[in-house]
Amino acid sequence: MTPADLQPANFDKYPPLAQAFAIRHLGLLRELPMSVCPSFLVQIIALDTRFPVERETLEWQCVSLEAMEPQRRASLLTPLRVITLPPELERTNWVHSPGTFVEQMTASLWSSGQINAFHEASRALFEAIPEKTDTTDRLLFIVLGQGADVSRSSLMRKLARQGIRLEGIDAASVKAQMLAEVADRAKRTSAPYTHWYIDGGVAWDVPTSFDPVVSTSYAQLEPLRNQVLAQMKSILQSGQSGAEQMRTQLSEISAQSSGSSRVTTDPVLQRFYTELFTEGSGTQIFSTSFVQWAGRELARRAQPATVLLRYGPRQRHRGLNEMVEEPDSTTPDPEGSLVDAEMNAFYNWIAMKRITAPGRLTTLAWAEGSSRAVLISPGTKPNTISSRPLTISQALRAKYV
1 MTPADLQPAN
11 FDKYPPLAQA
21 FAIRHLGLLR
31 ELPMSVCPSF
41 LVQIIALDTR
51 FPVERETLEW
61 QCVSLEAMEP
71 QRRASLLTPL
81 RVITLPPELE
91 RTNWVHSPGT
101 FVEQMTASLW
111 SSGQINAFHE
121 ASRALFEAIP
131 EKTDTTDRLL
141 FIVLGQGADV
151 SRSSLMRKLA
161 RQGIRLEGID
171 AASVKAQMLA
181 EVADRAKRTS
191 APYTHWYIDG
201 GVAWDVPTSF
211 DPVVSTSYAQ
221 LEPLRNQVLA
231 QMKSILQSGQ
241 SGAEQMRTQL
251 SEISAQSSGS
261 SRVTTDPVLQ
271 RFYTELFTEG
281 SGTQIFSTSF
291 VQWAGRELAR
301 RAQPATVLLR
311 YGPRQRHRGL
321 NEMVEEPDST
331 TPDPEGSLVD
341 AEMNAFYNWI
351 AMKRITAPGR
361 LTTLAWAEGS
371 SRAVLISPGT
381 KPNTISSRPL
391 TISQALRAKY
401 V
């Protein structure tokens with residue numbers, strides 16, 4: 001079967017939202033070449049457990065392609081249409097298992113030398129889709145340095161180059177004021193999955209006004225993490241523990257089999273939390289990697305308005321097998337964790353900056369327990385220093401000119 005042969009009945013086994021979406025855009029799907037149609041189906045089949053922004057983005061892409069002049073659309077699809085695939089691959093059940101098809105297709109494109117042509121044609125197709133206007137004002141809080149020496153002058157050097165160093169922060173009030181700022185923003189715009197608190201250890205106690213905020217921590221997700229670690233241990237012991245084998249087998253762990261239901265009853269969060277550990281690099285072992293990856297994926301997938309990321313001490317580095325066998329080392333490495341967190345915090349800022357319109361992102365990173373912070377906002381001058389006494393609330397609203 002080719003995309004041109006698709007019928008509404010082909011999507012009978014899709015979840016409700018996915019089925020309705022596929023039928024609504026059936027005309028477009030029929031027009032897509034075999035080299036790209038299954039990639040759309042990978043996204044469609046998972047819509048019921050995706051964030052609202054992910055659903056809206058896919059809808060925008062499909063509607064934009066449908067609204068394009070037919071000649072323009074045809075010219076963009078022609079380079080994808082000339083991609084040749086093995087006949088046996090085209091005969092697979094790609095409608096019901098589009099992910100498997102895409103994985104096998106990718107291997108075929110590499111082996112046949114067509115991967116560059118495919119990437120170029122795909123890039124041209126999606127670059128032709130106009131970007132949606134986003135006027136969201138975003139706030140990113142980052143907390144790092146728990147248990148470490150945060151006195152060195154080079155602390156948060158990469159972030160400080162982008163904003164102002166604050167050396168007079170009232171450390172005693174930071175926690176309460178950060179939580180209050182997040183809760184207040186959630187109260188004003190309470191759309192689901194818009195405000196988040198991710199903790200790399202045991203989470204702070206939060207006020208009752210925090211209810212609209214999605215909160216989770218490395219400690220809370222331990223049952224899910226242990227399930228993934230058990231699978232990793234099994235792969236390592238099998239003697240077939242190559243990176244590709246590991247990635248493939250971890251990708252087969254579903255939200256239903258991961259133990260995520262013990263953490264939340266929300267199917268969207270069940271999928272997201274599961275994929276933090278099945279797709280993340282090092283998230284199963286290092287809490288710092290977990291926080292960085294969670295922040296990255298939130299920016300990419302949920303595009304939240306408010307994010308609080310708190311880095312905690314991770315375990316010390318050991319051999320991979322040892323860390324998988326004994327994942328919860330009793331020997332934390334606060335200094336090494338701070339080094340990780342400083343770089344990861346910079347990546348978190350970049351990820352949020354990418355999804356935010358110019359002049360609409362405020363980022364404040366605080367060295368936990370200290371009077372030191374870095375603020376990057378439309379009103380701050382890069383690579384400057386302020387030593388005046390300030391609370392977090394005052395810092396966010398102060399004029400730096």
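When we follow UniProt numbering, the leftmost residue of the sequence shown carries the number 1, and every step to the right adds one.
For glycine and all other residues, C-beta sits at the position ideal for the given N, C-alpha and C.
Asked                                                                                                                        : Found
N- and C-terminal bounds of the alpha helix (DSSP H) containing residue 173                                                  : 171-188
Simplified DSSP assignment, three categories, for residue 370                                                                : coil
First through last residue of the beta strand (DSSP E) which encompasses residue 141                                         : 138-144
Per-residue DSSP class, three states only, for residue 199                                                                   : strand
Range covered by the beta strand (DSSP E) that runs through residue 108                                                      : That residue, residue 108, is in no beta strand (DSSP E); its alpha helix (DSSP H) goes 98-112.
Sequence ranges, alpha helix (DSSP H) only - wholly within the region 12-72, length at least 4                               : 16-24, 26-31, 37-45 and 52-67
Sequence-distant residues of its chain with Cβ nearer than 6 Å to residue 280 (five each side left out)                      : 293
Boundaries (first-last residue) of the beta strand (DSSP E) holding residue 310                                              : 306-310
Residues sharing a beta bridge with residue 214, DSSP                                                                        : 196
Limits of the alpha helix (DSSP H) - the one that residue 89 falls within                                                    : 87-90
Backbone CA spacing between residue 367 and residue 212 [nearest angstrom]                                                   : 26 Å
Under the three-state DSSP convention, the category residue 378 falls into                                                   : coil
Residues of its chain near residue 377, where Cβ-Cβ distance is below 6 Å and the 5 sequence neighbours each way are ignored : 362
Coarse secondary structure for residue 284, derived from DSSP in three states                                                : coil
Residue 268 beta carbon less than 9 Å from that of residue 51                                                                : yes
Three-state secondary structure (DSSP) of residue 394                                                                        : helix
Residue 222 versus 14, 162 and 290, residue with shortest Cα-Cα distance                                                     : 290
Identity of the residues DSSP links to residue 361 by a beta bridge                                                          : 138
Residue range of the unbroken beta strand (DSSP E) whose run includes residue 386                                            : 384-386
Beta-carbon proximity list for residue 258, same chain, < 6 Å, skipping 5 on both sides                                      : 224, 227 and 274
Reduced DSSP category for residue 313 - H, G, I as helix; E, B as strand; rest coil                                          : coil
Stretch-stretch touch, CB-based, cutoff 8 Å, three pairs: the region 184-198 with the region 295-302                         : yes
Supposed contact pair residue 168 and residue 404 - C-beta distance, whole angstroms, cut 8 Å                                : Outside the modelled stretch of the chain, which goes from 1 to 401, sits residue 404, for which no answer is possible.
Run of the beta strand (DSSP E) containing residue 166, from where it starts to where it stops                               : 164-166
Boundaries (first-last residue) of the alpha helix (DSSP H) holding residue 129                                              : Careful: residue 129 lies outside any alpha helix (DSSP H) and carries neither H nor E.
Exposure label - residue 208; buried when at least 16 CB within 10 Å                                                         : exposed
Reduced DSSP secondary structure (H/G/I, E/B, other) of residue 332                                                          : strand
Spatial neighbours of residue 401 in its chain, beta-carbon cut-off 8 Å, leaving aside the 5 residues before and after       : Model confidence at residue 401 stands at a pLDDT of 45, short of 50, so the residue's coordinates are unreliable; what they give is reported in the following sentence. The residues are 379 and 381.
Residue 228 (DSSP reduced to helix, strand or coil)                                                                          : helix
Per-residue DSSP class, three states only, for residue 389                                                                   : coil
Spatial distance of residue 278 from residue 153 (CA atoms)                                                                  : 37 Å
Reduced DSSP category for residue 266 - H, G, I as helix; E, B as strand; rest coil                                          : coil
Segment contact flag, the region 112-131 with the region 53-65, C-beta cutoff 8 Å, min 3 pairs                               : yes
Cutoff 6 Å; reference residue 25; Cβ partners in own chain excluding five residues on either side                            : 62
Per-residue DSSP class, three states only, for residue 152                                                                   : coil
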